[in-house]
Amino acid sequence: MSKRVDLEWDDTHALPLRLDLATSFVFQRMVEETFNAVGLYDQRARILDVGCGMGIDTREMANNGHYLVGLEPSRIMLAKAREWLQGWGIKAYLVQGIGEDMPFKARSFDKTVCKGALDHFYDPEAAIKEIAGATKSTGRVIIAVTNYESLGCRLARIYIKIKHSLLNKRSSQRRPWEGYGKANTQPSPELHCLLEQKKEERYPWDPPADHTFKFDYFVLKKALEKYLIIESVVGVSLFWNLPHWHSVLERLPKAIAWSILIVLDKIAARLPIFSDVLVSRCRLK
947 MSKRVDLEWD
957 DTHALPLRLD
967 LATSFVFQRM
977 VEETFNAVGL
987 YDQRARILDV
997 GCGMGIDTRE
1007 MANNGHYLVG
1017 LEPSRIMLAK
1027 AREWLQGWGI
1037 KAYLVQGIGE
1047 DMPFKARSFD
1057 KTVCKGALDH
1067 FYDPEAAIKE
1077 IAGATKSTGR
1087 VIIAVTNYES
1097 LGCRLARIYI
1107 KIKHSLLNKR
1117 SSQRRPWEGY
1127 GKANTQPSPE
1137 LHCLLEQKKE
1147 ERYPWDPPAD
1157 HTFKFDYFVL
1167 KKALEKYLII
1177 ESVVGVSLFW
1187 NLPHWHSVLE
1197 RLPKAIAWSI
1207 LIVLDKIAAR
1217 LPIFSDVLVS
1227 RCRLK
């Protein structure tokens, strides 16, 4: 495990100290839709949080009466999770391990959640198989990932292409607007391993350096359907990756900007293929 997984990963520098309005909105709505899919206020359930990080979502679910088990490969993040949960007086069972090889008996959990973590794994399809195996036959699986073929990403590609043309940047070896449109999308998370790309300039449709795979609606759907039956995929937010979108919102009065984000989010919910985040709820085959 240690050869392929960062057992010392730390989120200290993963996010800026201050989140802009659009990012705050995306994160908030991603959490809300994930908890909606979980059924946060349903009767008490045994829930597995895969890639639990410092346990923020684990705490919220446990605080609503559920029995929580958090799985996390990083020793540093597990230590943070223990401190975080103890500070809130929350009881949850934390385990060091990876999603691709989970240390649990088959059919152990009523619900299994993996929010914002699947695209960090070295083998997402193996993780989905393990997640399905750990979930009871009557249970549900909730997986949420960023969509890097969102409408914002597609428009960003057009914008960058025009910008490069106007600036006559023909000497660049990389043609960043090519290579991941709908016509080129393959039904596998292995499509776009980024390990060799991290040293290049990052564009809006490129996942951050701590991601290993790039998901979109079709890639996620294909990966899930191998082991699960998809009940729903809800989209969250529009235009998060659109160049200059964040600065435009910051210039508006907060109430107006927030209202715009809410309207766009309602559109995204109905058109997940274009949304910034995909929240899926599945049952076992």
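The opening position of the sequence shown corresponds to residue 947 in the numbering used here, with each subsequent residue numbered one higher.
Even glycine gets a Cβ: it sits at the ideal position worked out from N, Cα and C.
Counting only the Cα atoms, P1019 lies some 10 Å from M1048. Residue ranges of uninterrupted alpha helix (DSSP H) with 4 or more members, entirely inside the region 1159–1208 and ordered along the chain, are 1163–1171, 1191–1197. DSSP, read as helix, strand or coil, puts C998 in coil. The beta carbon of A1078 sits closer than 7 Å to those of V1087, Y1173, L1174, L1230, all from its chain and outside the five residues before and after it, given in chain order. Bridge partners of V951 according to DSSP: none are assigned.
Inclusion of F1161 and D1065 in the CB contact set at 9 Å is warranted, their separation being smaller than that value. The C-beta distance from L1097 to F1220 rounds to 4 Å, short enough to fall under 8 Å. With respect to the 9 Å criterion, A1063 and G997 are classified as neighbours on the basis of their beta carbons. Contact between the region 1002–1021 and the region 986–993 is established, with three or more Cβ pairs separated by less than 8 Å. Per DSSP, A991 lies in no alpha helix (DSSP H) and is assigned neither H nor E. A Cβ-Cβ distance of about 35 Å is found for the pair C1099 and N1009, leaving them out of contact under the 8 Å criterion. For E1018, no alpha helix (DSSP H) segment is defined; the enclosing uninterrupted segment is the beta strand (DSSP E) at 1013–1018.
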